[in-house]
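Visitor: Residue numbers (my numbering): 729 to 1011.
In structure tokens form, the structure reads like this:
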């Protein structure tokens, strides 16, 4: 499957007013390509990271209280780490760490035994909120469906897709009165959404996708929100880290290597500081 048409990165919420069920949709294209540029991830890793980018955006865009949301999936398999970070402006960054030469498989085959960690950092709270849960499910969608059903006490479904150029996701969640409004509504929407094909998620816009999946439903669609990849160079962060290491240690590295190189894994940036830069740093 080849998806090449450029589209802006955006997410959109919607509501089935007669059913008391909410939904959200996301598509990422240029931001996803920027995030993976120069990474050379194996296809299974890239697909998992893309799906994580989609679900992180969907959850961040629908938080009741805005903040910086970070998900980490750690495992003892060929994929040891997946990280995705999204702030209240829906600016994303993320990375994966894995073995080379790996083959495709479901989530347990790739990650092995692992844990999902959520961190929510809010400006009005002195400490970030942390949550750790075991990885339960054979796909990333299943893991997050289980997590959201437990944490929000609401039935939730996710459909995720990722290619080399595009990422997309669809989210449905039953609100507290959904079963009262229409006892069959939640089941009906799941059956309809299960007909979606990955290429439809990756190529159809939000309105066309809703019309394709739910033609008979009364849907209120809200304005889209832009999403972006945001991982600029941050020399001050590197300088602060080197100050914490100490001048003696920095001078020792300089004497041995002639320069200090620091690689920022999550942003894939390389920082090179020579003797003059280190001297200025400590003066």
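Here a beta-carbon is modelled for each residue, glycine too, at the ideal position from N, C-alpha and C. Predicted, not measured: the structure shown is a model, and the values here were computed from it.
Just to confirm before moving on: does the CB-CB distance between residue 790 and residue 752 stay below 8 Å?
Guide: Here residue 790 corresponds to residue number 62 of the chain shown, with the count starting at 1. Here residue 752 corresponds to residue number 24 of the chain shown, with the count starting at 1. It is a contact, given that the beta carbons lie within the stated cut-off.
Visitor: Drop a sphere of 10 angstroms on the beta-carbon of residue 973, count the other beta-carbons inside from all chains shown, and report buried for 16 or more, exposed for fewer.
Guide: As a first step, residue 973 must be located in the chain shown, where it is residue number 245. Classification for residue 973: exposed.
Visitor: In chain order, which alpha helix (DSSP H) runs of at least 4 residues are fully inside the stretch 763–811?
Guide: Segments of the alpha helix (DSSP H) lying fully in the stretch 763–811: 771–789.
Visitor: By alpha-carbon positions, which one of 783, 969, 892, 801 ends up nearest to residue 990?
Guide: The residue labelled residue 990 in the question sits at position 262 within the chain shown. Comparing Cα-Cα distances from residue 990 to each of 783, 969, 892, 801, the minimum goes to 969.
Visitor: Of all the options 825, 854, 942, which has the alpha carbon lying nearest to the alpha carbon of residue 900?
Guide: Translated into the one-based positions of the chain shown, residue 900 becomes position 172. For the residues 825, 854, 942, the minimum Cα distance to residue 900 belongs to 942.
Visitor: Out of 995, 996, 1010, which one is the CA nearest neighbour of residue 1002?
Guide: By 1-based counting over the chain shown, the position of residue 1002 is 274. It is 1010 whose Cα lies nearest to the Cα of residue 1002.
Visitor: Among residues of its own chain, excluding the 5 on either side of residue 738, which ones have a beta-carbon nearer than 7 Å to its beta-carbon?
Guide: In the chain shown, the residue the question calls residue 738 occupies position 10. For residue 738, where only same-chain residues beyond five positions count, the Cβ hits under 7 Å are 755, 952, 953, 954, 955.
Visitor: Any chance you could list the beta strand (DSSP E) runs of at least 3 consecutive residues sitting entirely within the stretch 894–943, in chain order?
Guide: Counting only runs of 3 or more, we get 895–902.
Visitor: Just reading off the alpha helix (DSSP H) that residue 987 is part of, what are its end residues?
Guide: Translated into positions along the chain shown, residue 987 becomes position 259. Element bounds for residue 987: n/a, residue is neither H nor E.
Visitor: Measure the alpha-carbon distance for residue 833 versus residue 772 and round it to whole angstroms.
Guide: Here residue 833 refers to the residue found at position 105 when the chain shown is read from its first residue. Here residue 772 refers to the residue found at position 44 when the chain shown is read from its first residue. The straight-line gap from Cα to Cα measures roughly 8 Å.
Visitor: Give the C-beta separation of residue 757 and residue 893 to the nearest angstrom, bearing in mind that I take them to be a contact with Cβ-Cβ under 8 Å.
Guide: Mapped onto the chain shown, residue 757 falls at position 29. Mapped onto the chain shown, residue 893 falls at position 165. Contact flag correct, Cβ pair sits at about 6 Å.
Visitor: Since residue 994 is in the alpha helix (DSSP H), which residue starts that stretch and which ends it?
Guide: As a first step, residue 994 is located in the chain shown; it is residue number 266 there, counting from the start. Segment: none, residue 994 is in no alpha helix (DSSP H) and carries neither H nor E.
Visitor: DSSP beta-bridge partners for residue 814?
Guide: As a working mapping, residue 814 is identified with position 86 in the chain shown. DSSP, once it has assigned bridges, lists 797, 820 as partnering residue 814.
Visitor: By the 10 Å Cβ neighbour count, where 16 or more other Cβ atoms means buried, how is residue 807 classified, buried or exposed?
Guide: Here residue 807 corresponds to residue number 79 of the chain shown, with the count starting at 1. Result: buried.
Visitor: To which residues of the same chain is residue 872 closer than 6 Å at the C-beta, ignoring the five residues directly before and after it?
Guide: Working through the chain shown from its first residue, we reach residue 872 at position 144. Counting only Cβ-Cβ distances below 6 Å, and skipping sequence neighbours, we find 783, 886.
Visitor: CA-CA distance, residue 861 and residue 978?
Guide: Translated into positions along the chain shown, residue 861 becomes position 133. Translated into positions along the chain shown, residue 978 becomes position 250. Roughly 39 Å separates the two Cα atoms.
Visitor: If I measure Cβ to Cβ from residue 865 and keep anything under 6 Å in the same chain, skipping five residues before and after, which residues do I get?
Guide: Residue 865 sits at position 137 when you count from the first residue of the chain shown. Cβ neighbours of residue 865 beyond the five flanking positions: 871, 874.
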